[in-house]
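Notes follow the structure.
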Amino acid sequence: MNYLAHAYLSFGQDQVLVGNFIGDFVKGKMMSSFPQGVQNGIKLHREIDLFTDTHPLVRAGQSYLRPTFRHYSTVITDIYFDYFLAKNWTKYSSIPLEDFIQNTFATLRHHRLLFPDRFANMFQWMEKDNWLLKYREIDGIQQTLTGMSRRTRFDSKMDVAHLALLEKEAEFEVIFFAFFKDLETFAREKLIEIQDSNAGH
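Quick note: the sequence shown, position 22, residue 52 per our numbering, numbers continuous.
Encoded structure:
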């Protein structure tokens with residue numbers, strides 16, 4: 031999943047939110063240097079990504095993309111899902127999307143001394159350009175995917191991946207609603223499991 035979903039699936043817990051955002055930037059022994067709540071968020075991030083990557087509905091959506099975008103289809107569906115989450119935000123939260131995003135950025139800024147260097151550099155641009163709000167519009171999705179395509183080593187074709195979303199938006203939205211219901215249930219239960227396993231430590 032992408033950043034808006036990871037923020038939402040932190041369930042209002044600040045340190046979990048930080049861990050959920052930096053999860054891809056923490057390797058090996060780095061883990062032990064973070065507070066337990068942040069470690070829990072990193073673990074949750076990884077569980078969310080594994081659940082997403084192996085879910086049959088997600089794989090069904092990716093099967094449509096794979097002939098054109100190959101292994102980049104995994105990244106593309108993550109971006110699509112943030113689009114559908116942002117577009118349908120009122121179904122999931124009573125907090126306006128703009129307020130939720132500003133609260134998310136404020137929480138992250140408060141914990142910025144914990145950021146790995148690579149994430150710290152990226153966060154400056156994430157906040158400045160308000161990536162999370164951009165996910166609500168097709169134009170924002172196009173900008174995001176085009177930016178990612180410039181950073182790939184090979185021809186990813188991600189700069190045109192928004193066209194596949196436009197072509198099959200209704201089908202991908204059906205997949206999103208069914209999948210995200212499963213994911214939210216899984217993430218809530220998994221976070222409790224992670225926290226319980228560390229309760230006596």
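Where a beta carbon is used, it is the ideal one built from N, C-alpha and C, also for glycine.
Task: Beta-carbon spacing of R218, F41 below 8 Å - done: Contact flag set, yes.
Open item on the list: Would G49 and Q69 qualify as a contact pair, given that the criterion is a beta-carbon distance under 8 Å?
Closed with: With respect to Q69, G49 sits close: the two C-beta atoms are nearer than 8 Å.
Open item on the list: So the candidates are M188, N133 and F130; which of them puts its Cα closest to the Cα of R100?
Closed with: When only C-alpha atoms are compared, the closest one is M188.
Task: F145 - DSSP class collapsed to helix/strand/coil - done: coil
TODO: Within its chain, find whatever has a CB closer than 7 Å to the CB of F81; leave out the 5 residues flanking it on each side and keep chain order.
DONE: L213 and F216
- [ ] With distances taken Cα to Cα, identify the nearest neighbour of I171 among A116, N228, F209 and K211.
- [x] A116
Task: Which of helix, strand or coil DSSP assigns to S124 - done: coil
Task: Residue closest to S63, alpha-carbon to alpha-carbon, out of K121, F145, F207 and I125 - done: F145
Task: Rounded separation between V88 and E167 - CA only - done: 21 Å
Open item on the list: Quick check on the DSSP output: the alpha helix (DSSP H) that includes F207 runs from which residue to which?
Closed with: E199 to S227
- [ ] Quick one: residues in its chain with C-beta nearer than 8 Å to the C-beta of A150, no 5 flanking neighbours on either side, listed in chain order?
- [x] R142
Open item on the list: Which of the three DSSP states is assigned to K158 in this structure?
Closed with: Assignment of K158 by DSSP, reduced to helix, strand and coil, places it in the helix class.
- [ ] Go through the stretch 59-91 residue by residue and report every complete run of the alpha helix (DSSP H) that reaches 4 residues or more, in order.
- [x] Counting only runs of 4+ residues, the alpha helix (DSSP H) found wholly inside the stretch 59-91 occupies 66-84, in chain order.
Task: Outcome for N32 when other beta-carbon atoms lying within 10 angstroms are tallied against a minimum of 16 - done: Residue environment: N32 is assigned as buried (16 or more neighbouring CB atoms within 10 Å of its CB, all protein chains considered).
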